[in-house]
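Structure record follows, encoded as structure tokens.
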Amino acid sequence: MKKLWVKVLGVAGLLLLLAACTDNADSEGDKKHLTFVYNFATNSLDPNVDSSYVPLRAGLTETLVKLNEETLTIEPCLAESWEGTNEGKEWTIQLREDISFQNGQPMDAEAVKASLERSMKDNVAIQNALKIDSIEADGMTLHISNTQPFPEFVSELVNPNTSIIDVEAGDFVNNPIGTGPFKLDSFTPGSKLELVRNEDYWDETAKLDSVTFSFNEDANARSLALESGNADVVFRPEVESIETLEAKEGIKVESTETFRVHQMTMNLERESLKDVNVRKAVDALINRDEIVDSVLLGYAQSAKGPFPDSLPFAPTYSDRETGAEVAKEYLEKAGYSLQDGKMQKDGEPLEFTLLTYSARADLPLIAQIFQSDAKKLGIDVELRQIEIPEEYMASNRDWDLATYSNLTAPRGDAGYYLNATYHPDGALNFSGANEPELTKIIDQLNVTVDMDKRSELAEEAANYVDENQINSFVLYPDTLVAYDETKVKNWVTTRSEYYMITNQLDVK
């Protein structure tokens, strides 16, 4: 009962907050205002380390290049052109002229150099991803030397953590100064941002005068905010509420395939999971069809690997049997047997600690289904709720499994996910994977230019992950966004989930 009241009070608090925002906007007359509710809260707006990418998504910051999600190619943004030589070890990047930061300071090569160097200094993952040895600034031109040939270097500059900011301005946590179409008016950590139009934006000036970008990790609260008229756009409404939302006049729900996968991350440093047969048993216990139907209500596709079939580098996997009997066979190969209702080996029961987090409402439900199915096989699974999965898994090794959601191709290429998740230096290598053969394939991918050969290497790496069951893949969730179509104009639900509050977003 206590948890129920906490949830009710949370919903009520959000509605009061958003109602106040709406009243303030109405009092400003004809000014165009939009209220957006996002599913991840953040206490920091530092664009170089913020794992929720709010500064980019809110239109505060921009990157040198961006992804064309139709062609999966890299397009200019703050940079207008680039050229690589020496197999991608040396790069020349030409910046656009006449761009200023939101405080009026010019964005030149020296400022971009300082921003990139700051990003690498404060974010080891970015340092490993970019592989930059040195940067030289010359007017509006950057000369970058990498530590190795790196043909896909420019695609890594799509990463929101490489957003360009005025380093001299300081206060990165509360007020980063970027180049985006919106400036920060105020920031309430864990609650909301108030944004105003950047009148000196280098591209077409934003159509909206202001935006409230608020946070709420309760999917039900997000749906209710839209139903009550206290929000204009909500990201990932509660799946169970979609039918109700669609029946309400004026509300539109969009479902879009993304580059995201929900996976079961496995901690390979745990003794039981060092055995590939135990990992295959875990994979066999994942009832993907039930999860897609009962948890996502069909707004997802079952996954066999990290990459959806729509991507050119996705392997074709052979069908394999799953279920409790299949899992039991794998466990028997690993030396386990069912005794007194417990799956055990040498007198020790097989038990798992499974991490999950509520910001993605479907992940705890997936964890509960796995817990129930494992119990039928005599395996006890302890569910542990955590707040920020990246921080917890990187700092703690007291867990066996984790439901985790990951963008696998946000740069339009397989290299990002494979490097981040399976290379020993990868920022998202929470499994602790250190497979020399797999690392060799990834290293070769990193220096390969030919796209067909890159696709072959990506498939080879994905197949290695599959054969050795390094992590399991549950489903590819659709991105769900609901909004008031009688008011909102030009909303675009992107596959990368990077670009949300744009200069084209408008209200009627």
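Under mature numbering (1 follows the signal peptide of the UniProt record, and there is no 0), read the sequence shown as residues -25 to -1, 1 to 483, first letter to last.
Beta carbons: idealized from backbone N, C-alpha and C, even for Gly.
Quiz prompt | Test item: CB-CB of Y458 and V208 under 8 Å | solution = Walking along the sequence shown from the start, residue 458 turns up at place 483. Walking along the sequence shown from the start, residue 208 turns up at place 233. Taking 8 Å as the Cβ cut-off, Y458 and V208 qualify as a contacting pair.
Quiz prompt | Environment of E366 [buried if 16+ CB atoms lie within 10 Å] | solution = Your numbering for residue 366 matches position 391 in the sequence shown. E366 is exposed by the Cβ-count criterion.
Quiz item: With distances taken from CA atoms, which of V467, A389, E92, H237 is nearest S130?
Solution: If you number the sequence shown from 1, residue 130 lands on position 155. Nearest C-alpha to S130 among V467, A389, E92, H237: A389.
Practice problem: Would you tell me roughly how many angstroms separate the C-alpha atoms of Y274 and E72, rounded to the nearest one? | Solution: Stepping through the sequence shown from its first residue, residue 274 is reached at position 299. Stepping through the sequence shown from its first residue, residue 72 is reached at position 97. Y274 and E72: Cα-Cα distance of roughly 44 Å.
Practice problem: Answer yes if the segment 157 to 166 comes into contact with the segment 461 to 471, meaning at least three C-beta pairs across the two stretches below 8 Å, and no otherwise. | Solution: no
Exercise. Could you name the residues that DSSP lists as bridge partners for E209?
Key: Counting from one through the sequence shown, the residue named residue 209 turns up at place 234. Before going on, a small fix: residue 209 reads as Val here, not Glu. The partner list for V209 (beta bridge, DSSP) reads V12, A457.
Quiz item: Taking buried to mean at least 16 other C-beta atoms within 10 Å of its own C-beta, is V12 buried or exposed?
Solution: As a working mapping, residue 12 is identified with position 37 in the sequence shown. With 16 or more other Cβ atoms within 10 Å, it is buried.
Exercise. Just grab the DSSP bridge partners of Q314 for me.
Key: Counting from 1 along the sequence shown, the entry for residue 314 is found at position 339. For Q314, which the question treats as bridged, DSSP gives the partners K317.
Quiz item: Is there contact between the segment 150 to 158 and the segment 23 to 38, where contact requires at least three CB pairs shorter than 8 Å?
Solution: The segment 150 to 158 is in contact with the segment 23 to 38.
Practice problem: State yes or no: is the C-beta of K64 within less than 8 Å of the C-beta of Q123? | Solution: Locating residue 64 in the sequence shown gives position 89, where the first residue counts as 1. Locating residue 123 in the sequence shown gives position 148, where the first residue counts as 1. Their beta carbons are under 8 Å apart, which means K64 touches Q123 by this criterion.
Exercise. Give me the Cα-Cα distance between I110 and F210, rounded to the nearest whole angstrom.
Key: Numbered from its first residue, the sequence shown carries residue 110 at position 135. Numbered from its first residue, the sequence shown carries residue 210 at position 235. In this model, I110 and F210 are separated by some 38 Å (Cα to Cα).
Quiz prompt | Exposure of L480, with buried meaning 16 or more beta-carbon neighbours within 10 Å | solution = As a first step, residue 480 must be located in the sequence shown, where it is residue number 505. L480 should be labelled buried.
Self-check item: DSSP-derived helix/strand/coil call for I68
Solution: As a position in the sequence shown, residue 68 is number 93, starting the count at 1. DSSP places I68 in strand when its eight states are reduced to three.
Practice problem: Work out the CA separation of V133 and L70 for me, nearest whole Å. | Solution: Taking the sequence shown and counting its residues from 1, one reaches residue 70 at position 95. Taking the sequence shown and counting its residues from 1, one reaches residue 133 at position 158. Their backbone Cα atoms lie some 15 Å apart in a straight line.
Quiz item: Run through DSSP, which three-state label would A(-1) get?
Solution: One-based indexing of the sequence shown puts residue -1 at position 25. Interpretation of A(-1) is limited by its pLDDT of 44, a score under 50 that renders its predicted location unreliable; the figure taken from the coordinates is listed afterwards. The answer is helix: DSSP assigns A(-1) an H, G or I state.
Quiz item: Just the Cα atoms here: how many angstroms apart are D1 and K462?
Solution: As a working note, residue 1 is residue 26 in the sequence shown. As a working note, residue 462 is residue 487 in the sequence shown. Note that D1 scores a pLDDT of 45, beneath 50, so its modelled location is shaky and nothing firm can be said.
Self-check item: Rounded separation between T219 and K6 - CA only
Solution: Within the sequence shown, numbered from 1, the residue matching residue 219 stands at position 244. Within the sequence shown, numbered from 1, the residue matching residue 6 stands at position 31. About 31 Å.
Practice problem: Measure the alpha-carbon distance for L20 versus L183 and round it to whole angstroms. | Solution: Reading the sequence shown from its first residue, position 45 is the one you call residue 20. Reading the sequence shown from its first residue, position 208 is the one you call residue 183. L20 and L183: Cα-Cα distance of roughly 21 Å.
Quiz item: Mapping DSSP to helix, strand and coil, what is K279?
Solution: In the sequence shown, residue 279 corresponds to position 304, counting from 1. Correct three-state label for K279: coil.
Quiz item: Between which two residues does the beta strand (DSSP E) harbouring residue 484 extend?
Solution: With the chain running from -25 to 483 in the structure shown, residue 484 is simply not present.
Self-check item: Beta-carbon proximity check, S138 vs P30, cutoff 8 Å
Solution: Counting from 1 along the sequence shown, the entry for residue 138 is found at position 163. Counting from 1 along the sequence shown, the entry for residue 30 is found at position 55. For S138 and P30, yes; Cβs fall inside 8 Å.
Self-check item: Reference R372; option with closest CA among V270, N242, P22
Solution: Here residue 372 refers to the residue found at position 397 when the sequence shown is read from its first residue. Out of V270, N242, P22, N242 has the C-alpha closest to the C-alpha of R372.
Quiz item: Hey, out of A181, P212, S161, whose CA is closest to T187's CA?
Solution: Counted from its first residue, the sequence shown places residue 187 at position 212. Closest by alpha carbon: S161.
Exercise. Report the residue from E435, P126, L352, T331 whose alpha carbon sits nearest the alpha carbon of Q343.
Key: In the sequence shown, the residue the question calls residue 343 occupies position 368. Out of E435, P126, L352, T331, T331 has the C-alpha closest to the C-alpha of Q343.
Self-check item: Option in F15, R32, L9 with minimal Cα separation from Y474
Solution: As a first step, residue 474 must be located in the sequence shown, where it is residue number 499. Nearest of F15, R32, L9 to Y474, Cα basis: R32.
Quiz item: What is the DSSP secondary structure of G390, counted as helix, strand or coil?
Solution: For the purposes of this step, residue 390 is identified with residue 415 of the sequence shown, where counting begins at 1. Of the three classes helix, strand and coil, the one that applies to G390 here is helix, per DSSP.
Exercise. Select from N150, G353, V142, T116 the residue whose C-alpha is nearest the C-alpha of L91.
Key: Counting from one through the sequence shown, the residue named residue 91 turns up at place 116. Of N150, G353, V142, T116, the residue nearest in Cα terms is V142.
Exercise. Return the CA-CA distance between S285 and D355, expressed in angstroms with no decimal places.
Key: Taking the sequence shown and counting its residues from 1, the one referred to as residue 285 is at position 310. Taking the sequence shown and counting its residues from 1, the one referred to as residue 355 is at position 380. Distance between the alpha carbons of S285 and D355: 37 Å.
Quiz item: Closest by CA to Y292, which one among E304, A278, E300, A302?
Solution: As a position in the sequence shown, residue 292 is number 317, starting the count at 1. Here the closest residue by C-alpha is A278.
Self-check item: Unbroken stretches of the beta strand (DSSP E), 3 residues or longer, contained in the segment 418 to 475
Solution: 447 to 452, 454 to 459
Quiz prompt | Closest by C-alpha distance to T180, when choosing among T477, E224, L393 | solution = Residue mapping note: residue 180 aligns to position 205 of the sequence shown, counting from 1. If we check each option's Cα against that of T180, T477 comes out closest.
Exercise. Would you list the one or two residues that DSSP bridges to W57?
Key: Sequence index remark: in the sequence shown, residue 57 carries index 82 (1-based). DSSP, once it has assigned bridges, lists I68 as partnering W57.
Exercise. Starting from the C-beta of V99, find all residues in its chain whose C-beta is less than 8 Å away, skip the five residues before and the five after it, and write them out in chain order.
Key: Along the sequence shown, read from residue 1 onward, the residue named residue 99 stands at position 124. Excluding positions up to five away in sequence, the list reads A402.
Quiz item: If you draw a straight line from the alpha carbon of A194 to that of Y451, how long is it in whole angstroms?
Solution: Here residue 194 corresponds to residue number 219 of the sequence shown, with the count starting at 1. Here residue 451 corresponds to residue number 476 of the sequence shown, with the count starting at 1. Spanning the two alpha carbons is a distance of roughly 19 Å.
Quiz item: Between N136 and P290, is the Cβ-Cβ spacing less than 8 Å?
Solution: The count along the sequence shown starts at 1 and reaches residue 136 at position 161. The count along the sequence shown starts at 1 and reaches residue 290 at position 315. When the beta-carbon positions are compared, N136 and P290 stay at least 8 Å from each other.
Quiz item: A222: buried (16+ other C-beta within 10 angstroms of its C-beta) or exposed?
Solution: Your numbering for residue 222 matches position 247 in the sequence shown. With fewer than 16 other Cβ atoms within 10 Å, it is exposed.
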